[in-house]
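Student:
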Amino acid sequence: MIGGDEAGLPNRTQIRDCLVSLINGTLSVDAVATWARRWLLDDDVDIRDDVILDVLDTLAGADIETTPGVHLHGQEDFESWLTDFDLQVDAARDIS
């Protein structure tokens with residue numbers, strides 16, 4: 087699975103890689119959602135990057151099912167999440 091940066095936290099490159107892997111099918115929605123929830127639910131983790139927090143929140147719901155075995159989100163959603171992430175990263179760069 088995807089790791090973290092020097093401090094052990096996910097960084098933007100790893101988040102993007104995660105989204106691309108989700109789109110390509112090299113990571114399952116269950117694995118991605120579990121990984122994202124790990125960061126969101128750990129009280130000892132202090133992620134200060136709003137872009138990362140936003141996409142982790144989205145990824146944490148990647149495995150939501152509408153009925154058993156049928157996921158709410160699919161390929162188009164994952165591609166949209168990647169586009170939104172890239173736009174947020176670009177916008178954050180413009181602010182800095």
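The working numbering applies: residue 87 is where the sequence shown begins, and numbers increase by one. Every residue, glycine too, gets a C-beta built ideally from N, C-alpha and C.
By DSSP, does THR131 sit in helix, in strand, or in coil?
Tutor: One-based indexing of the sequence shown puts residue 131 at position 45. At residue 131 the sequence reads Val, which differs from the Thr that was named. Correct three-state label for VAL131: coil.
Student: So, ARG102 versus LEU168, is the Cβ gap smaller than 9 Å?
Tutor: Reading the sequence shown from its first residue, position 16 is the one you call residue 102. Reading the sequence shown from its first residue, position 82 is the one you call residue 168. Their beta carbons are under 9 Å apart, which means ARG102 touches LEU168 by this criterion.
Student: Name, in chain order, the residues that DSSP records as bridge partners for THR153.
Tutor: Along the sequence shown, one-based indexing puts residue 153 at 67. In the DSSP output, where bridge partners are listed per residue, THR153 has VAL156.
Student: Does the beta-carbon distance from LEU113 to TRP125 come in below 9 Å?
Tutor: Counting from 1 along the sequence shown, the entry for residue 113 is found at position 27. Counting from 1 along the sequence shown, the entry for residue 125 is found at position 39. No, the Cβ-Cβ distance between LEU113 and TRP125 is not below 9 Å.
Student: Give me the Cα-Cα distance between SER85 and GLN161, rounded to the nearest whole angstrom.
Tutor: Residue 85 cannot be examined here, being either before or after the span of the chain that is shown, 87 to 182.
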